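Asker: 0 is the number of the first residue of the sequence shown in numbering that gives the first Met the number 0; add one for each residue after it.
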Amino acid sequence: MRAGRTAVASMLALAALWLAGCQDVKTEYAYPDHRYGRRDPTGSNKPVDSVFGPGGGLSILGGNRAPAESGGAGLGVNSFLWRASLDTIAFMPLASADPFGGVIITDWFSPSETPNERFKMTVYILARQLRSDGLKVAVFRQVRGPGSDWQDAAVATQTATDLENAILTRARQLRLETVQG
């Protein structure tokens, strides 16, 4: 029993000496500073980079005044084409929209005038510049066949071209509004 007490007393004495040795360590307290933007949570107070780039956010409508030709920073595609595409196909329900890849996919839409046919669109924005070859629209059409089954049907090539032209016209309008202030 006495040996156990001696061992415990020895351990306590060693712990006290070890803690006393840490007394002269210079400690620098660097807490994250949240007053001036986002900071590194490890306490280095360096600004944290964002996944959206140096601006830290999306500039869909040119909010941080990026060069007008590129259509804004933060998106992988031209923001004027992106916004114009969403405006032009707003009457259709969206299934998916990827602003970094530049792909907008709508869900099937059946106009009230023709309930036995439905349409689906995919818009591809291929460039960061506002150019006609930086945009491609694919239109799909189905008609209701016998037995209420939907069957694929042909779409006039002019339909996709007309949609592309409508998107480009709207993108040019958005660009002019941004440039003119």
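Ideal Cβ positions, reconstructed from N, Cα and C, are used throughout, including at glycine. Please read all numbers here as calculations on a predicted model, not as lab measurements.
Ordered along the chain, which non-local residues of its own chain (more than five positions away) have a Cβ less than 6 Å from that of V138?
Answerer: Only M120, V154, T158, A159 meet the Cβ criterion.
Asker: How many Å lie between A78 and K25 at the Cα?
Answerer: Sequence inspection shows Ser at residue 78; the Ala mentioned does not correspond to that position. Cα to Cα, the separation comes out at about 52 Å.
Asker: Which one or two residues does DSSP pair with A96 in a beta bridge?
Answerer: Paired residues: I103.
Asker: Between which residues of its own chain and D106 is the CB-CB distance below 8 Å, once the five residues before and five after are set aside?
Answerer: Answer for D106: M91, P92, L93, A94, K119, listed in chain order.
Asker: Report yes if the C-beta of G3 is less than 7 Å from at least one heavy atom of the ligand COA; otherwise report no.
Answerer: Among the ligands in the structure shown, none appear at all, so the ligand COA cannot be discussed.
Asker: To the nearest angstrom, report how far apart R82 and A96 are at their CA atoms.
Answerer: Cα to Cα, R82 sits roughly 11 Å from A96.
Asker: Write down the C-beta distance between I166 and L129 rounded to the nearest angstrom, noting that I regard them as a contact closer than 8 Å.
Answerer: That belief does not hold up - the Cβ atoms of I166 and L129 are roughly 11 Å apart, past 8 Å.
Asker: Among all the DSSP beta bridges, which residues are the ones paired with Q150?
Answerer: Beta-bridge pairing links Q150 to V142.
Asker: Just how far apart, CA to CA, sit R38 and D132?
Answerer: Unreliable placement is indicated for R38, whose pLDDT of 49 sits below 50; the coordinate value is still reported in the next sentence. Straight-line Cα distance between these residues: approximately 41 Å.
Asker: Could you tell me the alpha carbon to alpha carbon distance between I103 and A170, rounded to whole angstroms?
Answerer: Distance between the alpha carbons of I103 and A170: 15 Å.
Asker: Taking the beta carbon of L11 as the centre, do at least 16 other beta carbons fall within 10 Å, making it buried, or is it exposed?
Answerer: So L11 counts as exposed.
Asker: Quick check on this structure: which residue in V136, E116, N115 has the alpha carbon closest to the alpha carbon of L125?
Answerer: The shortest C-alpha separation from L125 is found at V136.
Asker: Going by DSSP, name the residue or residues bridged to M120.
Answerer: BP columns for M120 point to V138.
Asker: Specify, as a first and last residue, the run of the alpha helix (DSSP H) that D161 falls within.
Answerer: It spans 156-179 - the alpha helix (DSSP H) in which D161 sits, taken as one unbroken run.
Asker: Does the beta-carbon distance from G101 to V76 come in below 8 Å?
Answerer: Result yes, Cβ atoms of G101 and V76 sit closer than 8 Å.
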